[in-house]
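Position 495 of the sequence shown, counted from 1, bears residue number 495 in the UniProt record's numbering, the numbering being contiguous throughout.
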Amino acid sequence: MADLSGNTVNETGVWRQRLTPGRRGRCMRTLPCQGSTGGAATCYGIGAGAKLCILRGNCAEAGVQMSVRAVGRTDHPEERMHRIGARSGVLFAALGAVLALAVIAGTVFLCYSIRKQTFADRRRELENLSLTLAEQSDRAFQSLQLVQKSIIERIAAANIESQTALGALMSTFDINETLREKISGLPFVDAVTIIDQQGNLLNFSRYWPVPSVNVSDRDYFIALRDSRNKTIYVSQPVPNRGTGTMTIYLANRFNTPSGAFFGLVLGAMEQSYFEQFYGAIKLGRDGNITLFREDGAHLASFPHRSLSQVQLPQSATRIARELIAEEPEDGIVPAGLIDEHARLVAVQQLANYPLVVAVSDTTDAIEARLRLQILPIGIAAGLICIAIGVAVALAIRQSQAQARFAAAAHHTARHDDLTGLPNRLLFTERLTALLATTRSPLAVLFLDLDYFKTVNDTLGHVVGDQLLRAVATRVAEEAQPSELVARLGGDEFAIISSQADQPEAALALAERIIARISRPISVEDHRVIAGGSVGIAMAPADGTSVIELLKNADLALYRAKAEGRGQARLFEPEMEHTALSRRSLELDLRSAWENGQFFLVFQPFFRVGDRKLCGFEALLRWRHPTRGIVAPATFIACAEETGLILPLGAWVLTEACRAAADWPDDVRLAVNLSPLQFRSGHMPDQIREALRVSGLKPSRLELELTESTLLEEGSGIHGALQGLRSQGITIALDDFGTGYSSLSYLRSLPIDRIKIDRGFISRICEDDPSRAIVRAVLQLSAALKLETTAEGIETEEQLETLRAEGCGYVQGYLLGRPMRATEARDMSFQAVS
Numbered sequence: 001m002a003d004l005s006g007n008t009v010n011e012t013g014v015w016r017q018r019l020t021p022g023r024r025g026r027c028m029r030t031l032p033c034q035g036s037t038g039g040a041a042t043c044y045g046i047g048a049g050a051k052l053c054i055l056r057g058n059c060a061e062a063g064v065q066m067s068v069r070a071v072g073r074t075d076h077p078e079e080r081m082h083r084i085g086a087r088s089g090v091l092f093a094a095l096g097a098v099l100a101l102a103v104i105a106g107t108v109f110l111c112y113s114i115r116k117q118t119f120a121d122r123r124r125e126l127e128n129l130s131l132t133l134a135e136q137s138d139r140a141f142q143s144l145q146l147v148q149k150s151i152i153e154r155i156a157a158a159n160i161e162s163q164t165a166l167g168a169l170m171s172t173f174d175i176n177e178t179l180r181e182k183i184s185g186l187p188f189v190d191a192v193t194i195i196d197q198q199g200n201l202l203n204f205s206r207y208w209p210v211p212s213v214n215v216s217d218r219d220y221f222i223a224l225r226d227s228r229n230k231t232i233y234v235s236q237p238v239p240n241r242g243t244g245t246m247t248i249y250l251a252n253r254f255n256t257p258s259g260a261f262f263g264l265v266l267g268a269m270e271q272s273y274f275e276q277f278y279g280a281i282k283l284g285r286d287g288n289i290t291l292f293r294e295d296g297a298h299l300a301s302f303p304h305r306s307l308s309q310v311q312l313p314q315s316a317t318r319i320a321r322e323l324i325a326e327e328p329e330d331g332i333v334p335a336g337l338i339d340e341h342a343r344l345v346a347v348q349q350l351a352n353y354p355l356v357v358a359v360s361d362t363t364d365a366i367e368a369r370l371r372l373q374i375l376p377i378g379i380a381a382g383l384i385c386i387a388i389g390v391a392v393a394l395a396i397r398q399s400q401a402q403a404r405f406a407a408a409a410h411h412t413a414r415h416d417d418l419t420g421l422p423n424r425l426l427f428t429e430r431l432t433a434l435l436a437t438t439r440s441p442l443a444v445l446f447l448d449l450d451y452f453k454t455v456n457d458t459l460g461h462v463v464g465d466q467l468l469r470a471v472a473t474r475v476a477e478e479a480q481p482s483e484l485v486a487r488l489g490g491d492e493f494a495i496i497s498s499q500a501d502q503p504e505a506a507l508a509l510a511e512r513i514i515a516r517i518s519r520p521i522s523v524e525d526h527r528v529i530a531g532g533s534v535g536i537a538m539a540p541a542d543g544t545s546v547i548e549l550l551k552n553a554d555l556a557l558y559r560a561k562a563e564g565r566g567q568a569r570l571f572e573p574e575m576e577h578t579a580l581s582r583r584s585l586e587l588d589l590r591s592a593w594e595n596g597q598f599f600l601v602f603q604p605f606f607r608v609g610d611r612k613l614c615g616f617e618a619l620l621r622w623r624h625p626t627r628g629i630v631a632p633a634t635f636i637a638c639a640e641e642t643g644l645i646l647p648l649g650a651w652v653l654t655e656a657c658r659a660a661a662d663w664p665d666d667v668r669l670a671v672n673l674s675p676l677q678f679r680s681g682h683m684p685d686q687i688r689e690a691l692r693v694s695g696l697k698p699s700r701l702e703l704e705l706t707e708s709t710l711l712e713e714g715s716g717i718h719g720a721l722q723g724l725r726s727q728g729i730t731i732a733l734d735d736f737g738t739g740y741s742s743l744s745y746l747r748s749l750p751i752d753r754i755k756i757d758r759g760f761i762s763r764i765c766e767d768d769p770s771r772a773i774v775r776a777v778l779q780l781s782a783a784l785k786l787e788t789t790a791e792g793i794e795t796e797e798q799l800e801t802l803r804a805e806g807c808g809y810v811q812g813y814l815l816g817r818p819m820r821a822t823e824a825r826d827m828s829f830q831a832v833s
């Protein structure tokens, strides 16, 4: 049996071809290549029993294809193309005569239908747009008229008859301020003017003092003065006497109590507002939007036309009135109404004003677009006979395109678009195949980036995507050609290694990968570090299925992250028990929150010199129905990982402030905050709300944060803390000495107090290094003018040592254990009595 290239295929599907020495390939499902160095080909099912085998990696000549049947028979592409071409030729020959007769009639009918539909679709678009614009214009005029009506109602309420009284009422600075205020929220209104019955300006929102201007010659004044039945009037655009801009005026008449003309309130809207609004609408090059009065007078349009361009002849005005009264059935108006072109127009009257919006497009433009639509039809009709002649070739090319598309679709479905690595689907298929076909041990490595979320949140998704590409490249470079590197999603990667068949080899591979991705990466002018942790599961020892191996590798990854980032850990059976315990703890935590099992205790802290009570630190406790009282160290980490710390922390803050509000005014309250509370962005608001609800003064509240929280420069924490400090709230650095403690960052942190970790205090009397550290911290704090509190004081000797070293405040079992809120209240009042 032979393939297209003359290579032989035996009955078991083994492909025999001589490969270039030193080259080899990788594939999802392997057919062994019998050659000088061996090789492989990737096989995809493309039919009943048939497979398309494509060389991958560095195998021989990339792209060489062969067709193999599982039963040992070959299916030559030439024969298949020949059969397709022959069948297509017969088919086209049989249909050619019918098509030749039908093509002309079909083309004419189709073009007619397309034309009719095109005009109908375009008219529907114009009608919808005209309705929208009419509603918008109506709302604009209504907004202005509401302002005018409020002024008229104010005049009517005064019940005055004389012009002198009207002038005294409406010519004040307060009225001028009122006019300005009323139109401040209406950007399309240029000005509002109050005019008396002689046409003199009584007040004018644009100027103060009001200029001496008379508008009795304006059409709106004449129209409203001379007609008792007309109360509003929309003017044609006229040059504004103050600014020179073309302006449309909406005038509202008001009368004396006896019904005589008393004056009007005039609103000015620049013509350019409507034209700019119309211009923002994508109507096409020849589209036109025009605002008319019902008498045919032009108000605004886009494209803009000057007054000299809209002086329509009497015939055009008549046509405009007829168009407003009743649109033509086909919607087409002759040239000369709107411009020199015949147009397809949609007209919509404003609901509350004698105005009309006309939206139109030239029939020439529609016909031009129509010609572009029907041109291919005409060309196709003319070339139908040629198409029959080349149908066989096109059919062959189409079949080839379909094969290429199938291969491309297969590749796309199994590879990550961002990094080009195999995705979860291909990873699962490859691992499933390996588990089914090999008995040799293999390793599954699960990699998760340690700092990707921080980079993504602070520098943006573009930098995050480029970081993922760079990490993918580095991981792939560390892997061997026979190892599969996949991106499972987000910042998760996985590696299948059949070479790392021993735990030591898998750990070595993981450590190489961690070391490589922990080096700085330059991305978009930023130097970032991805970092990573790896969990490893070995097959078959840790699982014989994809689900088992991924689950166990994930458990190992979780352990690696829990023990410190940048670690690699092998799966151990006890990890599953740990995961189950953690899941049980998570469920218990949620139940505790829902059932109100949390409560607060308060531990006092004292001034060292005279042991005066200065305040209490609020501490969270959990009353579990079976475990009893649970300390925070057991559950806080789980609460942070599940997000429960956010509502729980807000509750602690509010309840602690409420309790402290009952203490004497000189007794402070300290509350611990989680980093997640600040990252949520709601912490400052929650603090202000807790103070408001409880009535606690900000100066009595002290917030304790860890060093890791304060070091998150990109999260906005520093700015938030500065804002809180400006209100009088004290910020304390908790557990100082256990993290990044250094003078360089301590100088810049927005803190008022340092709390020395109990780990140093417990050894201060018998451990010289601990005492030296405490002394250095106290001296540093004094130099930076920061207060200090030592935690965990349990003996008089420790207290005296801290007094001698200059510590300001202490807290510990020696002076006071945690107590309930009522006990804290009693103790605080006893201390001040």
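In this text, a Cβ means the ideal position worked out from N, Cα and C, and glycines have one as well.
- The Cβ atoms of D752 and A732 sit closer than 8 Å to each other.
- Looking at the DSSP output, T193 bridges to F204 and L266.
- From the listed residues T243, F405, A631 and G615, the smallest Cα separation to W622 is found for A631.
- Taking all protein chains shown into account, C385 has fewer than 16 neighbouring C-beta atoms within 10 Å of its C-beta and is therefore exposed.
- The residue from G490, A297, L291 and G287 with its alpha-carbon nearest to that of R343 is G287.
- Separation of the CB atoms of S498 and L442 is rounded to 5 Å, and the pair is thereby assigned contact status at 8 Å.
- Residues L646 of the same chain have their beta carbon placed closer than 8 Å to that of S680, with the five preceding and five following residues left out of the count.
- Runs of the alpha helix (DSSP H) lying entirely within the segment 86 to 171 and spanning at least 4 residues, in chain order: 163 to 170.
- Its chain contains Y233, S235, Y249 and A251 as the residues whose beta carbon lies nearer than 6 Å to that of Y220, once the 5 sequence neighbours on both sides are disregarded; these appear in chain order.
- Between the C-alpha atoms of G564 and I536 there is a straight-line separation of about 16 Å.
- If you look at L613, you'll find it isn't in any alpha helix (DSSP H); it sits in the beta strand (DSSP E) that goes L613 to H624.
- Inclusion of V192 and G267 in the CB contact set at 8 Å is warranted, their separation being smaller than that value.
- The beta strand (DSSP E) runs lying completely inside the segment 206 to 267 and spanning 3 residues or more are 232 to 234 and 246 to 255, given in chain order.
- Across the structure, L653 and R627 are spaced so that their CA atoms are roughly 25 Å apart.
- Under the three-state reduction of DSSP output, N552 falls in the helix class.
- The beta carbon of E572 lies closer than 7 Å to none in the same chain, with the five residues before and after it left out.
- For V455, the CB contacts under 7 Å within the same chain, skipping 5 residues up- and downstream, are V463, G464, L467 and V528 in chain order.
- For the 8 Å CB-CB criterion, F302 and Y278 form a contact.
- Here I175 carries a helix assignment [DSSP, helix/strand/coil].
- It is roughly 11 Å from the alpha-carbon of T795 to the alpha-carbon of R763.
- Within the same chain, V630 come within 6 Å of H624 by CB-CB distance, once the 5 residues on both sides are set aside.
- Each residue's CA atom was taken as its position, placing S522 and V471 some 11 Å apart.
- Residue pairing by DSSP places Q348 opposite V357 in a beta bridge.
- R218 and H341 have their C-alpha atoms roughly 33 Å apart.
- The segment 718 to 733 makes contact with the segment 699 to 709, as at least three CB pairs between them are under 8 Å.
- Runs of the beta strand (DSSP E) lying entirely within the segment 747 to 832, each at least 3 residues long, are 753 to 756, 787 to 791 and 809 to 811 in chain order.
- Between the alpha carbons of A358 and P239 lies a gap of roughly 24 Å.
- Contact between the segment 571 to 588 and the segment 799 to 814 is absent: fewer than 3 CB-CB pairs across the two stretches fall below 8 Å.
- The C-alpha of Q349 is placed about 26 Å away from the C-alpha of K116.
- Check the Cα spacing between L613 and each of E492, D665 and A157: the tightest is with D665.
- In this structure, the alpha-carbon of G382 lies about 44 Å from that of T132.
- Closest option to R123, judged by alpha-carbon separation, among F173, Q271, E594 and T362: T362.
- As the crow flies, the alpha-carbon of T634 is around 13 Å from that of L619.
- By the 16-neighbour rule on beta-carbons within 10 angstroms, K230 is exposed.
- A direct Cα-Cα distance of roughly 10 Å separates T801 from I761.
- By DSSP's assignment, P604 forms a beta bridge with F616.
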